[in-house]
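K.L.:
One structure is given below, represented as structure tokens, and several questions about it will come after.
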Amino acid sequence: MTDTAIDTGPSHTAVTGPPVTTRLHLLPQTNRLRSLHTVIRDRDASRADFVQTSAQIFRLLLDTALDLLPVTTRSVRTPVGQTYHGLRPAAPVCGVSIARAGESMEAELRAMLPQTRIGKILIQRDRTTKLPHLHYAALPPDIATSQVLLLDPMLATGGTALAAIALLREYGVFEEDIVFVTLLSSPEGISAVHDRHPRVRIVTSAVEERLNGDAYMVPGIGDFGDRYFGTDQPR
């Protein structure tokens with residue numbers, strides 16, 4: 001797909017499945033997590049430290065997101081001949097990264113679930129209209145029957161997230177089957193997503209104070225993609 005305008009609303013909320021009572025899942029603000037945030041928020045952090053520390057937070061986020069997905073029972077025999085009554089995912093899990101920043105989260109997801117298929121979406125804003133445009137989408141053919149982890153480290157205005165969710169809905173994915181996994185969120189972005197798509201769940205490691213005039217989150221981390229991929233301008 002190339003240069004396709006995306007209609008971000010209104011949503012077509014699925015009528016099947018239980019309602020989501022908790023839509024925002026904020027990681028526990030432990031000393032360990034705050035220590036990791038101190039590294040990535042430091043403007044003087046090296047790219048290596050930024051990348052390595054971000055990966056640690058991604059693992060925490062993905063672990064929380066996976067714990068939200070439906071499971072079914074499964075019994076196995078242990079090496080000592082006993083039966084363990086356990087669990088397994090009730091449906092396939094699919095990752096969808098919003099390029100380019102979302103691609104930074106793929107390695108951790110693959111490490112946790114090696115067989116998981118990962119799709120990609122590239123959405124950019126038109127400089128004149130300011131509307132999100134879909135430039136590229138490659139999604140697994142069975143995505144409509146999967147539990148989808150939508151990956152993007154930043155939820156600022158919510159425009160890109162809304163466009164990505166709208167695309168997933170066009171592919172037949174139910175709102176309640178989408179978990180948006182993001183490093184930082186703004187109150188404005190959270191409200192934008194939940195006003196339009198109330199059953200989409202958001203997993204984040206921090207909710208920032210606000211957006212500034214340039215739509216950067218405050219206190220924030222700057223441009224995640226530039227810092228992660230080393231394309232930020234030298235000071």
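Everything in the sequence shown is counted per full-length UniProt numbering, starting at 1 for the first residue and increasing by one.
Note that beta-carbon positions come from the ideal geometry of N, C-alpha and C, so glycine has one too.
Small disclaimer: the values here were computed from a predicted structure and weren't measured.
Kindly indicate which three-state DSSP category T38 falls into: helix, strand or coil?
P.N.:
Looking at T38 - three-state DSSP - the assignment turns out to be helix.
K.L.:
Note the first and the last residue of the continuous alpha helix (DSSP H) segment covering G220.
P.N.:
Unbroken run through G220: none, as it is neither H nor E.
K.L.:
If the criterion is Cβ atoms closer than 9 Å, does the pair P153 and Y228 meet it?
P.N.:
Contact: yes.
K.L.:
For R23, I'd like the list of residues in its chain whose CB is within less than 8 Å of its CB, leaving aside the five on either flank, ordered along the chain.
P.N.:
Hits under 8 Å: H194, P198, R199, V200, R201, I202.
K.L.:
Report the CB separation of A107 from S146 in whole angstroms; it is logged as a contact under 8 Å.
P.N.:
Actually they are not in contact, since the Cβ atoms of A107 and S146 sit about 20 Å apart, beyond 8 Å.
K.L.:
Assuming the contact rule is C-beta atoms closer than 8 Å, L183 and I57 should be a hit. Round their C-beta distance to whole Å, please.
P.N.:
Correct: roughly 6 Å between the Cβ atoms.
K.L.:
Take T157 as the anchor and find which of P187, R169, I178 has the nearest alpha-carbon.
P.N.:
Comparing Cα-Cα distances from T157 to each of P187, R169, I178, the minimum goes to P187.
K.L.:
Could you tell me the alpha carbon to alpha carbon distance between H135 and Q124, rounded to whole angstroms?
P.N.:
Near 7 Å, if we compare the C-alpha coordinates of Q124 and H135.
K.L.:
Please work out which residues of its chain come closer than 8 Å, Cβ to Cβ, to H37, disregarding the five sequence neighbours upstream and downstream, and give them in chain order.
P.N.:
Contacts found: I57, S205, A206.
K.L.:
Does DSSP put P89 in a helix, a strand or coil?
P.N.:
Of the three classes helix, strand and coil, the one that applies to P89 here is strand, per DSSP.
K.L.:
Under 9 Å, do S97 and I121 count as touching if we go by C-beta distance?
P.N.:
In contact: S97 and I121 (Cβ atoms closer than 9 Å).
K.L.:
Could you pull the start and end residues of the alpha helix (DSSP H) that F174 belongs to?
P.N.:
Run containing F174: none; DSSP gives neither H nor E here.
K.L.:
Taking only the alpha-carbon atoms, compute the straight-line gap between A65 and G172 and give it to the nearest angstrom.
P.N.:
Going from the Cα of A65 to the Cα of G172 covers about 21 Å.
K.L.:
Residue range of the alpha helix (DSSP H) that G189 falls in?
P.N.:
First-last of the alpha helix (DSSP H) with G189: 187-196.
K.L.:
Distance check for G119 and residue 245, CA to CA, integer angstroms please.
P.N.:
Given a span of 1 to 235 for the chain in the structure shown, any question on residue 245 remains unanswerable.
K.L.:
Measure the alpha-carbon distance for L113 versus T73 and round it to whole angstroms.
P.N.:
Those two C-alpha atoms are separated by around 19 Å.
K.L.:
Please list, in chain order, all residues of the same chain as D223 whose beta carbon is under 7 Å from its beta carbon, the five residues on each side excluded.
P.N.:
Counting only Cβ-Cβ distances below 7 Å, and skipping sequence neighbours, we find D232.
K.L.:
Using DSSP with H/G/I as helix, E/B as strand and the rest coil, what is R100?
P.N.:
Of the three classes helix, strand and coil, the one that applies to R100 here is coil, per DSSP.
K.L.:
Should P18 go down as buried or exposed, given a rule of 16 or more other Cβ atoms within 10 Å for buried?
P.N.:
For P18, the predicted structure reports a pLDDT of 36, less than 50, and the residue's modelled location is therefore unreliable. The matter cannot be settled from this model.
K.L.:
Out of L109, G159, L149, state which residue places its alpha-carbon closest to the alpha-carbon of P132.
P.N.:
That would be G159, whose Cα lies nearest to the Cα of P132.
K.L.:
Does G119 come out as helix, strand or coil in the three-state DSSP assignment?
P.N.:
Correct three-state label for G119: strand.
K.L.:
Who are the near neighbours of A144 in its chain, counting only those whose CB is closer than 8 Å to its CB and skipping five residues on each side?
P.N.:
Excluding sequence neighbours, A144 sits near Y171, G172, V173.
K.L.:
Measuring alpha carbon to alpha carbon, tell me which of E208, E176, A111 ends up nearest D63.
P.N.:
Comparing Cα-Cα distances from D63 to each of E208, E176, A111, the minimum goes to A111.
K.L.:
Using the C-alpha atoms, what's the distance from P79 back to V181?
P.N.:
Rounded to the nearest angstrom, the two C-alpha atoms are 36 Å apart.
K.L.:
Considering R110, what are the terminal residues of the alpha helix (DSSP H) in which it resides?
P.N.:
Here the alpha helix (DSSP H) through R110 covers 106-112.
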